[in-house]
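Okay, so here's the structure we're looking at.
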Amino acid sequence: MNNPKKVEWSKLDNASKYFPATCDERDPKVFRIACELFEDVEPEILQQALDITIEQFPSYKSVLRRGIFWYYYESSDIRPTVKREEKPVCAPIYRKYEKNLLFRVFYNNKRINIEVFHALSDGTGALWFMMTLLYHYLLIKHKDAFLDKKPELNYNASISQKKDDSFSRYYQGRHYKKQAKVKKEKKNARKVYLIRGSRLEENRIKVIEGTMSAKAVLDEAHKFNTTLTVFLSALLLLSIYKDMPVRKRGNTLVLAVPINLRQFFESETSSNFFSIMNIPYTFDEGNTELKDVIGKLNESFRKELTEERLYQHLHRLMSFERNPFARIAPLPLKNLSIRGVNAVADRGVTTSISNLGKIHVPPEFDSYIRQFSVVPNVRRPQMAICTYGDRLVINFASPFRETEIQRFFFESLANMGIKIEIASN
Amino acid sequence: MIFCNHCKVYIRDGKTICPLCGNILSDNDNDVKGEEIYPDIPLTYNRHMVIRILVFISIVAIVVSYTVYKMVPVDVNWPGLVLLGLVSIWLSLTNILRKRHNITKSIMWQVIIVSVLTVFWDWRIGWRGWSLDYAIPILCIAAMLVMYITAKVMKLSAREYISYFLLGGLFGIVPILFILFDLVNMSIPSVISVAASIVFLSAIIIFHGDSIKAELQKRMHI
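Line by line, the protein sequences are chains A and B. Going by our numbering, the first residue of the first sequence is number 11, and it counts up by one from there. Going by our numbering, the first residue of the second sequence is number 3, and it counts up by one from there.
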């Protein structure tokens, strides 16, 4: 019998624990980041770049396994390979009994795409992986152009920083709650509106990608004294309102907004570190103007994005994981209860908007990259936004065939005189 | 780029129908040909056709056997055996299919499922004791052999098989209960199974003790 290699394994961070329990064929918890170049992608070079990049992100080499009490990552020697795009957008990655890597890299014409199982990383973490991949790709592809001056990659976290479980780093322990005065939230009495529609075959998702000038949209937002995210959130809520059946118009719309916690707590982790805030909004008589919605959202965003609220979120997320009874429950039981809690929580969310923010690349790369685009994991019709240079890309993804809300949304932007380019699957 | 007059947007990827409103796009100033951005992925049909056919055949077989039994009654309840047989096959088969990516785990589960089934069969057809006398001990011995051979042939690393080896070995000791509680008429297969398990277990603990410890730590972390 030969000597076994030392097994490297690690625990999942707090948010990651939720995804394997709740993923299924309908909602595989996979998101995509795409980068569109000005020229066709060369697969061999992309493969070389991937081989280098993967060594810098060891967690991307792991597979997800099931223990008795928790899931865990186990290092593997599977080599990721670059493929041509041949699967539907955000097709399932993690399957219960298979040992596969938790991400895929593929290309189509001018686009480099990565799709990631959400337990591995959140949008920001995956974006760092993408930037590193892109960096190596362009450096190999255009060797001659960068002979004298090698561009500098602006993400230089050490391996241990990348692997950091920032949830547990900023968790203040069980007694935190006693000090902080916890305001019981007013229970929302009204029913939450859920968007209905007919599902696409094979649980596919419909992606409508709108590209426009970031400056033009920001100018519009500034007219209302607000930020890009709030402005687009308000437009999204209004579009949903227009599509609502009249008898349900009294229902509350709840907008889920993921918050990148790296902005508030110092962290360079490439795994998950985010929290979600739920913003309710009810259209009553007379507040169906964009101005009204923005005013209310501005206030809600400000209230939610305080250090105290963020700590409360973090605490709530962590206290479940640290609960001794929850810890000794066997994994299938845990999964069952997480799924139950999740099913209830899902009924309290109408849509979601996630803004990955402004993407920075070394200035030398500007002439090679046209735009970035993010497709969120889709549980309901929802939106992901990212900006690169002046190109603002809004991806509207939905599990339903109907495109009314999408049409209202892009139409209202177009009516402001913004030129929108649409692509779709 | 083509312009959709309804939605006031430009269509980048050369589609002929506007993805927002579903109207057919007219070729206005179509100087730049749109380029495919999201490729068209055809639907995959008939993925589980074989399974579907097998399920259908199984149901037909059960219905037909009960119908024939009603029309031509005999002393033996043979449709019950058909049903039991099919249930056994399906239990086994689904387990193999679901766990096909982890062969040693699949073998371990087979041993447990088949053991339970043999006891059940033995009991249904008038307890002659063959399940405990022969079936289970032989199954245990066979499982240990098969697991060892697959691990070697497929060049599995220790961490992939070690916990199932451990379980297999422990399971092989169970027939000692048959002897202690005097449940068997023929004790030789049980004795061999227990002896083989002890040898097997001691071998993996002595040679792979560290791996077992690491594996257990990993799988049992709280």
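We treat Cβ as the ideally placed atom computed from N, Cα and C, and that holds for glycine.
- For residue 101/A, the three-state secondary structure derived from DSSP is coil.
- Taking every protein chain shown into account, the CB of residue 250/A has 16 or more other CB atoms within 10 angstroms, so this residue is buried.
- In terms of Cβ geometry, residue 86/B and residue 122/B form a close pair [threshold 9 Å].
- When rounded, the separation of the alpha-carbon atoms in residue 335/A and residue 329/A is 11 Å.
- From the beta-carbon of residue 107/A, the residues of chain B found nearer than 7 Å are 100, 101, 103 and 104.
- Between residue 110/B and the set 174/B, 179/B and 136/B, the nearest pair of CA atoms involves 174/B.
- Contact check for residue 214/A against residue 372/A fails: the beta carbons are separated by 9 Å or more.
- Contact note: residue 119/A reaches chain B through 37 and 38, using a C-beta cutoff of 7 Å and chain order.
- Contact annotation: in the segment 133-161 of chain B, residues whose CB is within less than 8 Å of a CB in chain A are 159, 160 and 161.
- Residue range 19-21 is occupied by the beta strand (DSSP E) that includes residue 19/A.
- Put simply, of 93/B, 217/B and 164/B the residue whose alpha carbon is nearest the alpha carbon of residue 146/B is 164/B.
- Here residue 108/B has 97, 98, 101 and 102 as same chain residues with Cβ atoms under 8 Å from its own Cβ, once five neighbours each way along the sequence are excluded.
- In the DSSP secondary-structure assignment, residue 393/A is bridged to 363/A and 406/A.
- Bounds of any alpha helix (DSSP H) do not take in residue 431/A; it lies within the beta strand (DSSP E) bounded by 431-434.
- Counting along the chain, the unbroken alpha helix (DSSP H) around residue 126/B starts and ends at 105-126.
- In the three-state reduction of the DSSP assignment, residue 222/A falls in the strand class.
- Residue 435/A reaches chain B at 40, counting residues in chain order whose Cβ is nearer than 7 Å.
- Straight-line spacing of the CA atoms in residue 382/A and residue 255/A works out to 35 Å.
- Within the segment 18-73 of chain B, the runs of alpha helix (DSSP H) that reach at least 4 residues and sit entirely inside it are, in chain order, 51-73.
- DSSP, read as helix, strand or coil, puts residue 67/A in coil.
- Inter-residue distance for residue 419/A and residue 246/A is about 6 Å (C-alpha atoms, whole angstroms).
- According to DSSP, residue 5/B shares a beta bridge with 12/B.
- In the structure shown, residue 387/A adopts coil according to DSSP, grouped into three states.
- Between the segment 423-434 of chain A and the segment 222-236 of chain A, the count of C-beta pairs closer than 8 Å reaches three or more; the two stretches touch.
- Excluding its 5 nearest sequence neighbours in each direction, residue 9/B has C-beta neighbours in its own chain below 8 Å: 20, 22 and 23, listed in chain order.
- Taking a contact to require three or more Cβ pairs closer than 8 Å, the segment 127-147 of chain A and the segment 56-65 of chain A qualify as touching.
- Rounded to whole angstroms, the separation of the alpha carbons of residue 141/B and residue 198/B is 12 Å.
- Contact check for residue 51/A against residue 105/A fails: the beta carbons are separated by 9 Å or more.
- Under the three-state reduction of DSSP, residue 239/A is assigned to helix.
- Of all C-beta pairs linking the segment 388-401 of chain A to the segment 344-363 of chain A, three or more are shorter than 8 Å, placing the two stretches in contact.
- Assignment of beta-bridge partners to residue 45/A by DSSP yields 122/A and 382/A.
- For residue 270/A, DSSP records a beta bridge to 284/A.
- Against chain B, the beta carbon of residue 413/A has neighbours under 7 Å at 21 and 22, listed in chain order.
- Following the DSSP letters along the chain, one finds residue 84/A inside the beta strand (DSSP E) bounded by residues 81-85.
- Bounds of any beta strand (DSSP E) do not take in residue 202/A, whose DSSP letter is neither H nor E.
- If you draw a straight line from the Cα of residue 378/A to the Cα of residue 181/A, it comes to about 42 Å.
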